[in-house]
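Q: Numbering-wise (full-length UniProt numbering), the sequence shown opens with residue 1 and increments by one.
First the structure, which I've put down as structure tokens, then a few questions once you've had a look.
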Amino acid sequence: KCQCYVSLVLVTGVVESFLKVTVQLYSASLCNMMSEGDNITIHCSTSQTDRESITLFRRFTKETEVFNLYKETKKVTLQDEFKSRMYNEGEFHNMSLTIKHLTTEDSGVYWCTYIRFNKANIEAESVLLVVTGELIIKRGKYYGQSCVFCV
Numbered sequence: 001k002c003q004c005y006v007s008l009v010l011v012t013g014v015v016e017s018f019l020k021v022t023v024q025l026y027s028a029s030l031c032n033m034m035s036e037g038d039n040i041t042i043h044c045s046t047s048q049t050d051r052e053s054i055t056l057f058r059r060f061t062k063e064t065e066v067f068n069l070y071k072e073t074k075k076v077t078l079q080d081e082f083k084s085r086m087y088n089e090g091e092f093h094n095m096s097l098t099i100k101h102l103t104t105e106d107s108g109v110y111w112c113t114y115i116r117f118n119k120a121n122i123e124a125e126s127v128l129l130v131v132t133g134e135l136i137i138k139r140g141k142y143y144g145q146s147c148v149f150c151v
């Protein structure tokens, strides 16, 4: 049996066939191995006190905004697929974001950005999340970072 891993590199192209692989999820900096159904907590922090919002982004085949919190209003916006599975804890400048019941579709690179409107943004350390399970890559255009290799 072949064990396959997803590695992130800059690749642009078209997937011509269906590919069924077993995917393992790990953190680029923390080396977390996760399985479907597990929970993961991503820590975001900044020393800049003038930031007005925090956004958690994810990128696998495309960049998406997963979570957003406005400091002043405390209004939280979540991507639909995370609404019942994600929560935040802690202070605005030192926040923990937890995703519950991971699925292979949650795989990707996650990073936090603290935003000051009309100013430069501050991005926190990124985390590569790979979830063990079956992932079917379908034909289509994939931009950004993706590479599958087997051993």
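Where a beta carbon is used, it is the ideal one built from N, C-alpha and C, also for glycine.
Every value quoted in this text rests on a predicted model; they were computed, and no experiment measured them.
Per DSSP, what kind of secondary structure is residue 47 in: helix, strand or coil?
A: It is coil, neither helix nor strand.
Q: Look up residue 104 in the DSSP assignment and say whether it is helix, strand or coil.
A: Three-state DSSP puts residue 104 in a helix.
Q: Residue 82 to residue 99, Cα distance in whole Å?
A: If I take the Cα positions, the gap works out to 7 Å.
Q: Tell me whether the beta-carbon of residue 56 lies closer than 9 Å to the beta-carbon of residue 42.
A: It is a contact, given that the beta carbons lie within the stated cut-off.
Q: Taking a contact to mean a Cβ-Cβ separation below 9 Å, would you say residue 71 touches residue 92 in this structure?
A: Cβ distance < 9 Å, so residue 71 and residue 92 count as in contact.
Q: Could you please give the first and the last residue of the uninterrupted beta strand (DSSP E) stretch that includes residue 162?
A: Since the first residue of the chain shown is 1 and the last is 151, residue 162 is not available in this structure.
Q: Among 51, 78, 46 and 48, which has the Cα closest to the Cα of residue 58?
A: Nearest option by C-alpha distance: 78.
Q: How long is the line joining the alpha carbons of residue 110 and residue 88, rounded to whole angstroms?
A: Spanning the two alpha carbons is a distance of roughly 15 Å.
Q: In three-state terms, what does DSSP make of residue 27?
A: The predicted model places residue 27 with a pLDDT of 38, which falls under 50 and marks its position as unreliable; any figure quoted below should be read in that light. The answer is coil: DSSP assigns residue 27 none of H, G, I, E or B.
Q: Have a look at the DSSP bridge pairing and note the partners of residue 94.
A: According to DSSP, which records beta bridges pairwise, residue 94 is partnered with 45 and 91.
Q: So who's on the other strand from residue 82, going by DSSP bridges?
A: Paired residues: none, contrary to the question.
Q: In whole angstroms, what is the alpha-carbon distance linking residue 144 and residue 60?
A: Per-residue confidence for residue 144 stands at a pLDDT of 37, beneath the threshold of 50, marking its modelled position as unreliable; the derived number appears in the next sentence. About 7 Å.
Q: Since residue 39 sits in a beta bridge, which residues does DSSP pair it with?
A: DSSP lists no partner for residue 39.
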